[in-house]
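Residue numbers (this note's numbering): 156 to 482. Glycine included, C-beta positions come from ideal geometry on N, C-alpha and C.
Structure below.
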């Protein structure tokens, strides 16, 4: 990411006012933390900012400063806004409901780190080499001259720690560690972050984990592991999307497994799919076959069709790609 690129993007933000920041549905730590940090930065520059998401913020992120400000945009809210997409490879990642409205915004901005980003906005700041969108927001904050406050540092630290799996995932770089160190020095509340995210596991998540360990399925060579969650099972376990975060990593983390997949029935004929991989398989390429995308080691898609059909087609393709990659 070149300094001039950041400078040009920041200059355009500084020209305008009346912003709305929107993140993807089923928001995660990177989406929420990035949006909040960006809002704090823009408000420090004297700008008016709203925070939007079609889905509620998961409970484990309720400790973040300013999180209560997120709201669901209505049909009449879009006209004249300067709209900033954060951590979204394309507008539909924010929900199909926004598609008739988002072009009513005056200007579209796009800040993201997904390799599958469509560069859909008037102004794009997309850096796939970054471990989290929060790392890009960090660069904007630094260049803006806005002080790296405790609130901004805490929000940005959450983006990094969640999108790197606590610095375990291969997207973690030397720059990631340097940024994290500076955020800690600036007052990021790492003790609260670690406690809230890793030591307050909801009973619903534990119930899903128990079910997963008993129901993981494997390819003949045990290089692909997957879990299927139908609507009936999710209801019985009282599990919402926020209780499924990280479950797919347990599929991938097993000895000998190269690809982990979670298929969950969101509604009849709509299946949400999460992919994770180790070194041998590019799951971004796998997700793109089914209209999704993401990163080489972490991706997702939405499959329109019955759950049984989604499982058959996606697992068949995953096994084919895994064997083809020499896994």
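Might you give, ordered along the chain, the residues of its own chain that have their beta carbon closer than 6 Å to the beta carbon of residue i, omitting 5 neighbours on each side?
| i | result |
| --- | --- |
| residue 343 | 308, 309, 312 |
| residue 213 | 397 |
| residue 250 | 180, 209 |
| residue 411 | 377 |
If I measure Cβ to Cβ from residue i and keep anything under 8 Å in the same chain, skipping five residues before and after, which residues do I get?
| i | result |
| --- | --- |
| residue 99 | Any property of residue 99 remains undetermined from this structure, which presents the chain solely from 156 to 482. |
| residue 319 | 286, 287, 326, 327, 331 |
| residue 341 | 303, 304, 305, 307, 308 |
| residue 465 | 418, 426, 428, 458 |
So what's residue i in DSSP terms, helix, strand or just coil?
| i | result |
| --- | --- |
| residue 259 | helix |
| residue 482 | The predicted position of residue 482 is uncertain, since its pLDDT is 47 and thus under 50; no value can be drawn from it. |
| residue 372 | strand |
| residue 231 | helix |
| residue 365 | helix |
| residue 326 | coil |
| residue 246 | helix |
| residue 299 | helix |
| residue 212 | coil |
| residue 166 | helix |
| residue 157 | coil |
Can you tell me which residues form a DSSP beta bridge with residue i?
| i | result |
| --- | --- |
| residue 267 | 281 |
| residue 177 | 207, 240 |
| residue 430 | 416, 454 |
| residue 459 | 425 |
| residue 487 | There is no way to answer for residue 487, as the model of the chain reaches only from 156 to 482. |
| residue 141 | Residue 141 falls outside the range modelled here, since the chain spans only 156 to 482, and no answer is possible. |
| residue 448 | 455 |
Terminal residues of the continuous beta strand (DSSP E) containing residue i?
| i | result |
| --- | --- |
| residue 354 | No beta strand (DSSP E) contains residue 354, which DSSP labels as neither H nor E. |
What residue range does the alpha helix (DSSP H) around residue i cover?
| i | result |
| --- | --- |
| residue 379 | It is not in any alpha helix (DSSP H) - residue 379 instead sits in the beta strand (DSSP E) that spans 379 to 384. |
| residue 333 | 329 to 340 |
| residue 185 | 184 to 199 |
| residue 408 | That residue, residue 408, is in no alpha helix (DSSP H); it is neither H nor E in DSSP. |
| residue 131 | Because residue 131 is not part of the residues shown, which for the chain are 156 to 482, the question remains open. |
| residue 218 | Premise fails: residue 218 is in no alpha helix (DSSP H) and is neither H nor E. |
| residue 399 | Element bounds for residue 399: n/a, residue is neither H nor E. |
| residue 275 | Neither: residue 275 is in no alpha helix (DSSP H) and is coded neither H nor E. |
Within a Cβ cutoff of 7 Å, which residues of the same chain sit near residue i, ignoring the five residues on either side of it in sequence?
| i | result |
| --- | --- |
| residue 385 | 420, 462 |
| residue 392 | 359, 362, 363, 366 |
| residue 456 | 428, 442, 445, 446, 447 |
| residue 409 | 380 |
Run the proximity test for residue i: is its beta-carbon closer than 7 Å to any non-hydrogen atom belonging to the ligand COA?
| i | result |
| --- | --- |
| residue 209 | No copy of the ligand COA appears in this structure; indeed no ligand is present at all. |
Cβ contact check for the segment 219 to 239 and the segment 162 to 175: 3 or more pairs under 8 Å: Counting Cβ pairs under 8 Å, three or more are found: they touch.
The segment 355 to 370 contacting the segment 219 to 235, beta-carbon criterion three pairs below 8 Å: no
The segment 457 to 474 touching the segment 375 to 393, judged by at least three CB pairs closer than 8 Å: yes
contact_flag[the segment 287 to 307, the segment 225 to 232] where n(CB pairs < 8 Å) is 3 or more: no
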